[in-house]
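Numbering (this note's numbering), first residue to last: 52 to 185. Before any comments, here is the structure.
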(Lines of atoms letter the chains of each structure in order from A and count residues from 1; the text may use other names and numbers.)
(Lines give C-alpha, C1' and ligand atoms only; values in the text may rest on other atoms or scores of the structure.)
Protein backbone atom coordinates (compact mmCIF):
# COMPACT_ATOMS: atom_id res chain seq x y z
CA UNK A 1 0.00 0.00 0.00
CA UNK A 2 1.23 3.48 -0.82
CA UNK A 3 1.59 6.32 1.64
CA UNK A 4 -1.52 7.97 0.16
CA UNK A 5 -3.46 4.69 0.49
CA UNK A 6 -2.42 4.48 4.13
CA UNK A 7 -3.50 8.07 4.76
CA UNK A 8 -6.90 7.47 3.14
CA UNK A 9 -7.36 4.26 5.10
CA UNK A 10 -6.47 6.00 8.36
CA UNK A 11 -9.03 8.74 7.73
CA UNK A 12 -11.72 6.21 6.89
CA UNK A 13 -10.94 4.06 9.91
CA UNK A 14 -11.03 7.05 12.26
CA UNK A 15 -14.62 7.63 11.15
CA UNK A 16 -15.50 4.01 11.94
CA UNK A 17 -15.45 4.65 15.68
CA UNK A 18 -18.14 7.31 15.20
CA UNK A 19 -20.08 4.92 12.96
CA UNK A 20 -20.03 2.30 15.72
CA UNK A 21 -21.42 4.81 18.21
CA UNK A 22 -24.13 5.84 15.75
CA UNK A 23 -25.07 2.21 15.05
CA UNK A 24 -25.34 1.53 18.78
CA UNK A 25 -27.54 4.60 19.17
CA UNK A 26 -29.84 3.44 16.35
CA UNK A 27 -30.11 0.00 17.96
CA UNK A 28 -30.99 1.51 21.33
CA UNK A 29 -33.56 3.88 19.84
CA UNK A 30 -35.11 1.13 17.72
CA UNK A 31 -35.47 -1.11 20.77
CA UNK A 32 -37.21 1.71 22.68
CA UNK A 33 -39.60 2.32 19.78
CA UNK A 34 -40.38 -1.38 19.51
CA UNK A 35 -41.27 -1.43 23.21
CA UNK A 36 -43.61 1.53 22.68
CA UNK A 37 -45.11 -0.23 19.69
CA UNK A 38 -45.70 -3.35 21.77
CA UNK A 39 -47.48 -1.29 24.46
CA UNK A 40 -49.68 0.38 21.83
CA UNK A 41 -50.56 -2.99 20.34
CA UNK A 42 -51.59 -4.19 23.80
CA UNK A 43 -53.72 -1.09 24.38
CA UNK A 44 -55.42 -1.58 21.02
CA UNK A 45 -56.09 -5.27 21.80
CA UNK A 46 -57.51 -4.37 25.23
CA UNK A 47 -59.75 -1.70 23.72
CA UNK A 48 -58.20 0.97 25.93
CA UNK A 49 -58.30 4.52 24.53
CA UNK A 50 -59.23 5.66 21.05
CA UNK A 51 -58.39 2.73 18.80
CA UNK A 52 -58.00 4.81 15.63
CA UNK A 53 -55.62 7.26 17.34
CA UNK A 54 -53.61 4.41 18.81
CA UNK A 55 -53.48 2.63 15.47
CA UNK A 56 -52.29 5.80 13.72
CA UNK A 57 -49.59 6.29 16.35
CA UNK A 58 -48.60 2.64 15.96
CA UNK A 59 -48.19 3.16 12.20
CA UNK A 60 -46.01 6.23 12.78
CA UNK A 61 -43.79 4.30 15.16
CA UNK A 62 -43.52 1.41 12.69
CA UNK A 63 -42.38 3.89 10.02
CA UNK A 64 -39.74 5.30 12.37
CA UNK A 65 -38.51 1.80 13.20
CA UNK A 66 -38.17 0.98 9.49
CA UNK A 67 -36.35 4.26 8.85
CA UNK A 68 -33.93 3.62 11.71
CA UNK A 69 -33.28 0.05 10.56
CA UNK A 70 -32.48 1.25 7.03
CA UNK A 71 -30.18 3.97 8.37
CA UNK A 72 -28.40 1.45 10.61
CA UNK A 73 -27.97 -0.94 7.66
CA UNK A 74 -26.36 1.84 5.58
CA UNK A 75 -23.90 2.52 8.40
CA UNK A 76 -23.15 -1.19 8.78
CA UNK A 77 -22.37 -1.36 5.04
CA UNK A 78 -19.82 1.43 5.51
CA UNK A 79 -18.18 -0.61 8.29
CA UNK A 80 -18.12 -3.64 6.02
CA UNK A 81 -16.39 -1.60 3.30
CA UNK A 82 -13.78 -0.42 5.82
CA UNK A 83 -13.26 -4.02 6.92
CA UNK A 84 -12.67 -5.04 3.31
CA UNK A 85 -10.02 -2.31 2.99
CA UNK A 86 -8.33 -3.57 6.15
CA UNK A 87 -8.21 -6.96 4.45
CA UNK A 88 -5.82 -5.49 1.85
CA UNK A 89 -3.21 -4.62 4.50
CA UNK A 90 -0.34 -7.08 3.96
CA UNK A 91 0.56 -7.67 7.66
CA UNK A 92 -1.84 -10.16 9.31
CA UNK A 93 -1.09 -8.98 12.86
CA UNK A 94 -1.72 -5.39 11.83
CA UNK A 95 -5.05 -6.38 10.22
CA UNK A 96 -6.14 -7.92 13.52
CA UNK A 97 -5.18 -4.78 15.41
CA UNK A 98 -6.95 -2.50 12.91
CA UNK A 99 -10.15 -4.56 13.09
CA UNK A 100 -10.09 -4.67 16.87
CA UNK A 101 -9.54 -0.93 17.14
CA UNK A 102 -11.68 0.50 14.36
CA UNK A 103 -14.32 -2.12 13.65
CA UNK A 104 -14.77 -3.60 17.15
CA UNK A 105 -14.02 -0.33 18.96
CA UNK A 106 -11.55 -1.74 21.50
CA UNK A 107 -9.14 0.45 23.45
CA UNK A 108 -5.40 0.19 22.81
CA UNK A 109 -5.00 -1.43 26.21
CA UNK A 110 -7.67 -4.05 25.49
CA UNK A 111 -6.06 -4.83 22.14
CA UNK A 112 -2.69 -5.37 23.82
CA UNK A 113 -4.19 -7.70 26.42
CA UNK A 114 -6.25 -9.61 23.88
CA UNK A 115 -3.14 -10.25 21.79
CA UNK A 116 -0.92 -11.26 24.70
CA UNK A 117 1.19 -8.12 24.94
CA UNK A 118 1.70 -6.72 28.45
CA UNK A 119 2.97 -3.46 27.00
CA UNK A 120 -0.30 -1.68 26.28
CA UNK A 121 1.17 0.78 23.77
CA UNK A 122 2.34 -2.08 21.54
CA UNK A 123 -0.69 -1.96 19.22
CA UNK A 124 -0.79 1.83 19.08
CA UNK A 125 2.89 2.00 18.12
CA UNK A 126 2.45 -0.68 15.44
CA UNK A 127 -0.50 1.18 13.90
CA UNK A 128 1.27 4.52 14.14
CA UNK A 129 4.28 3.11 12.31
CA UNK A 130 2.05 1.72 9.59
CA UNK A 131 0.23 5.00 9.00
CA UNK A 132 3.10 7.44 9.42
CA UNK A 133 6.35 5.62 8.63
CA UNK A 134 5.36 3.97 5.35
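Think of the CB as a built atom: it goes at the ideal place given N, C-alpha and C, for glycine as much as any other residue.
Check	Outcome
When 121, 123, 165 and 136 are compared against residue 62, the one with the closest alpha-carbon	136
Within 9 Å, strictly: CB atoms of residue 151 and residue 116	no
Inter-stretch contact at 8 Å, needing at least 3 Cβ pairs: the stretch 126-145 / the stretch 70-80	yes
Buried versus exposed call for residue 148 [16 or more other C-beta atoms within 10 Å across all chains shown]	buried
Contacts around residue 138, its chain only, beta-carbon distance under 8 Å, and the 5 residues preceding and following it disregarded	146
Residue 141 versus residue 79 - alpha carbon distance	36 Å
Residue 99: first and last residue of the uninterrupted alpha helix (DSSP H) it sits in	Neither: residue 99 is in no alpha helix (DSSP H) and is coded neither H nor E.
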